[in-house]
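Inspection log for the structure reproduced underneath, given as structure tokens.
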Amino acid sequence: MTQVPRGRFITVEGQDGAGKTTNLSVIRDALERSGIPIVQSREPGGTPWGEALRELILNYRDTDIVPTAELLTIFAARAQHIHQVIAPALSAGKWVLCDRFTDATYAYQGGGRGISLDAIALLEHMVQGQLQPDLTLLFDVDIDTGNARAQQRSTADRFESEQASFKQAVRTRYLTIAKQNPQRVKVIDASQPLEQVVREVRSQVNDFIRKVVGE
Ligand SMILES: Nc1ncnc2c1ncn2[C@@H]1O[C@H](COP(=O)(O)OP(=O)(O)OP(=O)(O)O)[C@@H](O)[C@H]1O
Ligand SMILES: [Mg+2]
Numbered sequence: 001m002t003q004v005p006r007g008r009f010i011t012v013e014g015q016d017g018a019g020k021t022t023n024l025s026v027i028r029d030a031l032e033r034s035g036i037p038i039v040q041s042r043e044p045g046g047t048p049w050g051e052a053l054r055e056l057i058l059n060y061r062d063t064d065i066v067p068t069a070e071l072l073t074i075f076a077a078r079a080q081h082i083h084q085v086i087a088p089a090l091s092a093g094k095w096v097l098c099d100r101f102t103d104a105t106y107a108y109q110g111g112g113r114g115i116s117l118d119a120i121a122l123l124e125h126m127v128q129g130q131l132q133p134d135l136t137l138l139f140d141v142d143i144d145t146g147n148a149r150a151q152q153r154s155t156a157d158r159f160e161s162e163q164a165s166f167k168q169a170v171r172t173r174y175l176t177i178a179k180q181n182p183q184r185v186k187v188i189d190a191s192q193p194l195e196q197v198v199r200e201v202r203s204q205v206n207d208f209i210r211k212v213v214g215e
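The opening residue of the sequence shown carries number 1 in the numbering used here; numbering runs sequentially from there.
Written out as structure tokens, the structure is:
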């Protein structure tokens with residue numbers, strides 16, 4: 001019986017303005033050069049329904065949204081995203097490249113909003129089962145640099161409008177996740193000039209491809 005090859009799941013994480021979206025094309029390029037079929041997506045969102053929720057999550061300002069409602073909405077979009085996009089792609093042997101995933105929930109809703117790890121872990125298990133990213137690149141940058149970059153790019157969403165203490169808590173939680181998962185999460189110093197960041201991204205992705213091919 002021929003075994004269906006399972007694709008790999010790569011995520012990019014980090015604060016607003018750190019350089020995630022900019023570097024997605026670098027990752028994509030490295031994978032394509034190796035002939036790897038990919039599906040690119042993002043969270044919150046990734047499906048038409050999820051993208052509608054994304055708009056509510058990022059930009060709905062008429063209500064002071066309670067953190068639990070925000071958390072549940074993010075996981076609702078994620079459940080649909082996994083069902084409709086991520087799981088089918090992985091089972092077809094494609095590699096999924098996603099702009100943010102559950103580490104962002106631990107960082108923003110956990111670190112930033114103060115929701116307990118247990119509550120997030122419960123939903124993570126319910127929605128994802130065993131699914132976890134195989135590789136995560138964490139773009140780490142100081143708050144001021146992230147703010148300046150995000151501002152030059154677009155108007156602030158609900159998270160970008162938060163205070164410095166919220167953003168610091170997000171950054172700290174991300175770095176804690178990286179420390180606890182050194183095999184999966186690779187920290188990139190995103191305060192460096194873009195050319196240097198790109199070099200490190202390429203090197204991390206190529207190392208990962210070599211590791212997978214060698215398995
Ligand atoms: N290393 C870098 N040095 C200087 N500018 C950078 C660097 N990386 C990204 N930028 C610029 O910073 C801005 C924000 O980058 P990008 O949109 O990739 O961030 P992001 O992490 O995707 O942010 P968000 O979470 O808000 O989507 C862009 O204008 C981009 O060109
Ligand atoms: Mg982005």
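Each residue gets a CB set at the ideal place from its N, CA and C atoms; glycine is no exception.
Bridge-paired residues (DSSP) for residue i
| i | result |
| --- | --- |
| Gly-35 | Answer is none; Gly-35 lacks a bridge partner. |
| Ile-41 | The sequence shown places Ser at residue 41, not Ile. Ser-41 pairs with Cys-98. |
Span of the beta strand (DSSP E) around residue i
| i | result |
| --- | --- |
| Phe-139 | 135-140 |
| Val-12 | 9-14 |
For residue i, the first and last residue of its enclosing alpha helix (DSSP H)
| i | result |
| --- | --- |
| Asp-189 | Note, Asp-189: premise wrong, no alpha helix (DSSP H); beta strand (DSSP E) at 185-189. |
| Thr-48 | Residue identity differs from the one stated: residue 48 is Pro in this sequence, not Thr. Note, Pro-48: alpha helix (DSSP H), 48-59. |
| Ala-119 | 117-128 |
Inter-residue CB distance, residue i and residue j (contact presumed, cutoff 8 Å)
| i | j | result |
| --- | --- | --- |
| Ile-10 | Trp-95 | 7 Å |
| Ser-41 | Val-85 | 6 Å |
| Gln-128 | Ile-82 | 7 Å |
| Arg-184 | Gly-17 | About 23 Å separates the two Cβ atoms, so there is no contact after all. |
| Gly-50 | Ala-89 | Wrong, their Cβ atoms sit about 15 Å apart, outside the cutoff. |
| Leu-137 | Lys-186 | 6 Å |
| Ser-34 | Ile-209 | 5 Å |
| Leu-24 | Asp-99 | 6 Å |
| Glu-32 | Phe-101 | Contact flag wrong, Cβ pair sits at about 21 Å. |
| Asp-157 | Asn-59 | 6 Å |
| Thr-73 | Ile-57 | 6 Å |
Residue i - DSSP class collapsed to helix/strand/coil
| i | result |
| --- | --- |
| Met-1 | In this prediction, Met-1 scores a pLDDT of 45, lower than 50, which makes its location untrustworthy; no coordinate-derived value is stated. |
| Arg-210 | helix |
| Asp-157 | coil |
| Ala-92 | coil |
| Arg-78 | helix |
| Asn-181 | coil |
| Val-198 | helix |
| Ala-18 | coil |
| Leu-24 | helix |
| Gln-204 | helix |
| Thr-63 | coil |
| Gly-110 | helix |
| Glu-70 | helix |
| Arg-149 | helix |
| Arg-6 | coil |
| Gln-168 | helix |
| Ile-143 | helix |
| Gln-219 | Residue coverage of the chain in this structure runs from 1 to 215, which leaves residue 219 outside it and unanswerable. |
| Glu-215 | coil |
| Leu-131 | coil |
May I have all residues whose beta carbon comes closer than 7 Å to any heavy atom of ligand 2, sorted in chain order?
-> Lys-20, Thr-21, Asp-99
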